[in-house]
Amino acid sequence: MTERNDHDLGEQFRALRREDTTAAPAFRATLAAARARRAATPRRRALGLAAAALVLAGVAVALLLARRGVPIDLATVRLKTPTDFLLALPNEELLRTVPELGRVTITLDRRTP
Amino acid sequence: MSPEALEQELDQLHPAAFGWALACCSGDRAAAEDALQASYLKVLDGRARFDGRASVRTWIFSVVRYTVAELRRRAAVRRWLPLAALGATSDGRPDAVTELVRADGTRRLTEALATLPRRQREVLHLVFYQDLTIAEAALVAGVSLGTARTHYERGKAALRKLLKEEPE
Numbered sequence: 004m005t006e007r008n009d010h011d012l013g014e015q016f017r018a019l020r021r022e023d024t025t026a027a028p029a030f031r032a033t034l035a036a037a038r039a040r041r042a043a044t045p046r047r048r049a050l051g052l053a054a055a056a057l058v059l060a061g062v063a064v065a066l067l068l069a070r071r072g073v074p075i076d077l078a079t080v081r082l083k084t085p086t087d088f089l090l091a092l093p094n095e096e097l098l099r100t101v102p103e104l105g106r107v108t109i110t111l112d113r114r115t116p
Numbered sequence: 003m004s005p006e007a008l009e010q011e012l013d014q015l016h017p018a019a020f021g022w023a024l025a026c027c028s029g030d031r032a033a034a035e036d037a038l039q040a041s042y043l044k045v046l047d048g049r050a051r052f053d054g055r056a057s058v059r060t061w062i063f064s065v066v067r068y069t070v071a072e073l074r075r076r077a078a079v080r081r082w083l084p085l086a087a088l089g090a091t092s093d094g095r096p097d098a099v100t101e102l103v104r105a106d107g108t109r110r111l112t113e114a115l116a117t118l119p120r121r122q123r124e125v126l127h128l129v130f131y132q133d134l135t136i137a138e139a140a141l142v143a144g145v146s147l148g149t150a151r152t153h154y155e156r157g158k159a160a161l162r163k164l165l166k167e168e169p170e
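Heads up: the protein sequence lines correspond to chains Z and Y, in order.
Quick note on numbering: our numbering labels position 25 of the first sequence as 28, and the sequence is numbered without any gaps.
Quick note on numbering: our numbering labels position 153 of the second sequence as 155, and the sequence is numbered without any gaps.
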């Protein structure tokens with residue numbers, strides 16, 4: 004692929020290749036090191052997973068302990084269902100209040116005929 | 003491809019793959035050996051599969067390049083961890099021993115290459131050192147043919163200029 008005028012560059016790269024080739028580790032040694040690494044990898048991975056699980060468990064326990072001290076006031080908790088509005092009646096305050104003479108509490112809806 | 007056939011291919015390509023790993027790791031021999039071992043494991047375990055779209059050589063070079071990038075990312079993350087000081091991580095520079103044994107000419111070449119952008123360096127290495135075509139280099143580098151050609155031309159011009167300059 005290189006052009007004729009790239010011969011000088013090619014020659015320098017070839018010299019580099021010769022040097023690297025003589026310094027390259029033996030294939031068998033590289034393969035043996037790779038296999039030794041594979042044998043060690045599951046143990047290392049298991050250790051890593053165990054450490055991660057420990058950290059997660061620690062965080063969960065810390066959160067639980069922190070929440071334990073906070074009291075939950077049931078009086079302030081009110082469940083509101085999505086269908087609550089169906090139970091709302093027009094002028095329902097009339098049912099909850101005592102009428103007073105001279106005071107009008109009914110608000111008429113002008114849209115109704 | 004059977005595991006025996008793969009192992010035989012790896013054996014034949016080993017010197018070239020080592021040269022490529024060394025180039026990907028900017029001359030750091032320990033990092034290159036690490037990357038090569040991890041790449042061989044991927045190939046032999048079947049985590050990297052040869053689909054026959056390119057030559058075995060091009061495929062193995064791609065696996066090596068991908069593995070180097072992966073290890074580089076992991077090393078970058080490890081540097082931020084509190085236990086980073088316990089395990090030495092590669093700094094991505096040529097190691098002293100590799101540089102020491104180089105002849106003057108090749109040392110100048112590696113120094114000049116080190117100043118080029120990574121993509122240009124990769125394409126030049128694949129074309130001149132590994133005798134691949136620009137199309138094959140594009141496949142290995144994971145770029146389009148046009149991009150590889152641009153990196154090749156720009157890299158070549160920059161390298162020539164750097165090599166013409168007087169050494170300090």
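Don't be surprised by glycine CBs; every beta carbon is placed ideally from N, CA and C.
When DSSP states are grouped into helix, strand and coil, residue 29/Y belongs to the coil group.
Residues of chain Z with a Cβ closer than 7 Å to the Cβ of residue 39/Y are, in chain order, 33, 36, 37 and 40. Collapsing the DSSP output to three states places residue 110/Y in a helix. Residue 153/Y has a beta carbon lying at 8 Å or more from every beta carbon in chain Z. Beta-carbon to beta-carbon, residue 40/Y and residue 83/Y are separated by about 20 Å, too far to satisfy the 8 Å threshold. For residue 50/Y, the closest of 5/Y, 106/Y, 21/Y and 154/Y by C-alpha to C-alpha distance is 5/Y.
In the DSSP assignment, residue 105/Z falls outside any alpha helix (DSSP H), carrying neither H nor E. Around the beta-carbon of residue 16/Z, 16 or more other beta-carbon atoms lie within 10 Å, marking it buried. From the beta-carbon of residue 144/Y, no residue of chain Z is found nearer than 7 Å; the closest lies around 18 Å away.
By the Cβ rule, the stretch 62-72 of chain Y counts as touching the stretch 124-144 of chain Y, because three or more pairs are nearer than 8 Å. For a Cβ distance threshold of 8 Å, nothing in chain Z lies close to residue 69/Y: the least Cβ distance comes to about 11 Å. For a Cβ distance threshold of 8 Å, residue set 9 and 12 of chain Z lies close to residue 158/Y, ordered along the chain. Closer than 8 Å to the CB of residue 8/Y there is not a single CB belonging to chain Z. Residues of chain Z with a Cβ closer than 7 Å to the Cβ of residue 30/Y do not exist, since the nearest Cβ in that chain sits about 13 Å away. For residue 19/Z, at least one C-beta of chain Y is nearer than 8 Å to its own C-beta.
In the three-state reduction of the DSSP assignment, residue 101/Z falls in the coil class. Within the same chain, 20, 23, 24 and 27 come within 7 Å of residue 34/Y by CB-CB distance, once the 5 residues on both sides are set aside. Within chain Z, the residues whose beta carbon sits less than 8 Å from that of residue 13/Y are 30, listed in sequence order. Against residue 112/Y, the close residues of chain Z are 19, in the order they occur along the chain (beta-carbon pairs closer than 8 Å).
In terms of beta-carbon proximity, residue 119/Y stays away from the interface with chain Z, with every pair separated by 8 Å or more. DSSP places residue 144/Y outside both helix and strand once states are collapsed to three, so it counts as coil. Taking 8 Å as the threshold, the shortest C-beta distance from residue 52/Y to chain Z does not fall below it. Under the DSSP assignment, residue 26/Z falls in the alpha helix (DSSP H) whose first and last residues are 10-26. The count of Cβ pairs closer than 8 Å, one atom from the stretch 156-167 of chain Y and one from the stretch 27-47 of chain Z, stays below three, leaving the stretches out of contact. With a threshold of 8 Å between beta carbons, residue 27/Z makes contact with chain Y. Residue 64/Y carries a helical assignment under DSSP once its states are collapsed to helix, strand and coil. Taking a Cβ-Cβ cut-off of 7 Å, residue 148/Y has no neighbours in chain Z, whose nearest Cβ is about 15 Å from it.
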